[in-house]
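**Q** Residue numbers (my numbering), protein chains in the order written: chain A, 1 to 227; chain B, 1 to 128.
Can you read through this structure? Questions will come right after.
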Amino acid sequence: MGYTITSDNIQTLETFLNRTFPNLNILKILQAVERNFTKTSKNPIIRNIKFNSLDKVLLIDYNNDPLDIDSALVFVRQFFKIKRSIEIDHTYCILPLAHRGKGYIKPVFRESLEQYINCGAKKIRVHAGLSGGGYVWAKYGFRAVNKREVEIILAKARKKLNAKDFVIIEKIYNGYYTKNPGGKSFPMNLWAALDFMKPVLLGSDWNGELDLKNKLHLEKFKEYVYR
Amino acid sequence: MYTDKFKFKGDHSSVGEELFSEVHDQEEKFLAIEESVKEGYFTLHEALENYKIDEIDYLPFALSRARAQYRKYNSQVQAFKAISTVISIFDFSINHNFDSKSRVAMTTIKKIAQDSANDKTQELSDIG
């Protein structure tokens, strides 16, 4: 497929994968990317895989060295082994403007999700903020990790919303953090499903996670991706 | 580095939009109502009002979510449990909007349904 593989040591990628991410078949993810994404760019594609056996990190970086976001074809995923659990960072996924909404995304996400489940991954992380991502990822089940970021959105909402609407979102905020003072799973979906929160969340920027070990959250996400 | 050209990190919003293109807004609202009530942030009436969903529209969702639990009972218990669920969705309206005769009728039906469902559930668990 033309990937350049680089590493910090002499261990082969196969050995690294078997030891660090057993049952993760990255070839299947890469094949899905090739089948669905490669046709969307006229520019040559740069394909890199980097792994570090000490930090237990695997990076897939597939991009067309874009000039701007409208011409960008980028798929970047990082797999981390933290203690005994696996977390995947959805670092970037962008298709060129002309190819968005054409059905190329679902097959790649389906294959990815299957591999995440196979290798027993615990979380998918996403930085929700890119071009309205703050609203979209909130709506579909990604939960906010960082209380400070939630507070920033709350402060913005205080300025934008009328008092009656603000009380509603504040009640969710207070309810959650009273029950979970150090909570790292704020239910952004409860904010996003309120009509008046769309403009507030569209410009928001926060770090989210999907807990793959939470049966309800996983089933919901899976059902959406396979629909 | 090409990533310097992007303002933020993360999967693009268009990816999410495509991924969830077949999910209706109303589904998300139903789930939010269910979760916000379960977590104690709102009463059912408050949640329905906040998410702008009518009782009658929420009813099929509530019944479908309860279906898995009902399955373990025989049809007689299922019928009474379903009636209890229906009435619980309309609880606020029964207490605040119904005329007094209808309110009394609904309260009576609710009590009969709950008592019957509980009795039969008890009997089933005694047998089990």
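Here a beta-carbon is modelled for each residue, glycine too, at the ideal position from N, C-alpha and C.
#1: Could you check where the alpha helix (DSSP H) with residue 65 (chain B) kicks off and where it finishes?
#2: Between residue 93 (chain A) and chain B, is there a C-beta pair that is closer than 8 Å?
#3: For residue 208 (chain A), count neighbouring Cβ atoms within 10 angstroms of its own Cβ and tell me buried if that reaches 16, exposed if not.
#4: At which residue ranges does the segment 93-164 of chain A contain complete beta strand (DSSP E) runs of 3 or more residues, listed in the order of the chain?
#5: Looking only at DSSP bridge pairs, what is residue 78 (chain A) linked to?
#6: Between residue 70 (chain B) and residue 36 (chain B), what straight-line distance do the alpha-carbon atoms span, to the nearest angstrom?
#7: By the criterion of Cβ-Cβ separation under 8 Å, what are the contact partners of residue 295 (chain A) in chain B?
#8: For the segment 44-70 of chain A, which residues have a beta carbon sitting closer than 8 Å to at least one beta carbon of chain B?
#9: Sorted by chain position, which residues of the same chain lie with C-beta nearer than 7 Å to residue 128 (chain B)'s C-beta, five sequence neighbours on each side aside?
#10: Mind listing the chain A neighbours of residue 52 (chain B)? Cutoff is C-beta to C-beta under 9 Å, in chain order.
#11: With contact counted as at least three CB pairs below 8 Å, one residue from each stretch, are the segment 70-83 of chain B and the segment 91-99 of chain B in contact?
#12: Could you name the residues that DSSP lists as bridge partners for residue 6 (chain A)?
#13: On a CA-only basis, which of A:128, A:223, A:165 and A:224 is nearest residue 89 (chain A)? Give me that one, please.
#14: Pick from A:157, A:192, A:172 and A:114: whose alpha carbon is nearest that of residue 222 (chain A)?
#15: Should residue 86 (chain B) be flagged as near chain A, meaning a C-beta pair shorter than 8 Å?
#16: Apart from the five residues just before and just after residue 90 (chain B), which ones in its own chain have a Cβ nearer than 7 Å to its Cβ?
#17: Are there 16 or more other CB atoms within 10 angstroms of the CB of residue 188 (chain A), so buried, or fewer, so exposed?
#18: I need the straight-line Cα distance from residue 27 (chain A) to residue 155 (chain A), nearest angstrom please.
#19: To which residues of the same chain is residue 50 (chain B) closer than 7 Å at the C-beta, ignoring the five residues directly before and after it?
#20: Please decide whether residue 32 (chain A) counts as near chain B, where near means a Cβ-Cβ distance under 8 Å.
#21: Along the chain, where does the alpha helix (DSSP H) that runs through residue 201 (chain A) open and close?
#22: So what's residue 6 (chain B) in DSSP terms, helix, strand or just coil?
#23: Closer than 8 Å, CB to CB, is residue 145 (chain A) near chain B or not?
#24: For residue 134 (chain A) versus residue 185 (chain A), is the C-beta spacing smaller than 8 Å?
#25: Check whether chain B comes within 8 Å of residue 163 (chain A), counting only Cβ atoms and requiring the distance to be less than that.
#26: Quick check on this structure: which residue in A:182, A:75 and A:92 has the alpha carbon closest to the alpha carbon of residue 148 (chain A)?
#27: Suppose contacts are defined by Cβ-Cβ distances below 8 Å. Is residue 69 (chain A) in contact with residue 94 (chain A) by that definition?
#28: Below 9 Å on C-beta distance, what does residue 3 (chain A) contact in chain B?
#29: Please report how far the alpha carbon of residue 85 (chain A) lies from the alpha carbon of residue 175 (chain A), in whole angstroms.
#30: If you draw a straight line from the alpha carbon of residue 194 (chain A) to that of residue 38 (chain B), how long is it in whole angstroms?
#31: Can you tell me the Cβ-Cβ gap for residue 80 (chain B) and residue 105 (chain B), rounded? I've got them flagged as a contact below 8 Å.
#32: List, in order along the chain, the chain A residues whose C-beta lies closer than 8 Å to that of residue 23 (chain B)?
**A** For this structure:
#1: 55-70
#2: yes
#3: buried
#4: 123-128
#5: A:59 and A:89
#6: 22 Å
#7: Residue 295 (chain A) cannot be examined here, being either before or after the span of chain A that is shown, 1 to 227.
#8: 63, 65, 66, 67, 68 and 69
#9: Note that residue 128 (chain B) scores 48 on pLDDT, short of 50, meaning its location in the model is unreliable; the coordinates nonetheless yield the value given after this. Correct list: empty, nothing qualifies.
#10: 194 and 195
#11: no
#12: A:50
#13: A:128
#14: A:114
#15: no
#16: 55
#17: buried
#18: 44 Å
#19: 42
#20: no
#21: 198-202
#22: coil
#23: no
#24: no
#25: no
#26: A:182
#27: yes
#28: By Cβ distance, chain B contributes nothing, its closest Cβ being about 17 Å from residue 3 (chain A), past 9 Å.
#29: 29 Å
#30: 17 Å
#31: Not quite, the Cβ-Cβ distance comes to about 16 Å (not below 8 Å), so this is no contact.
#32: 140, 224 and 227
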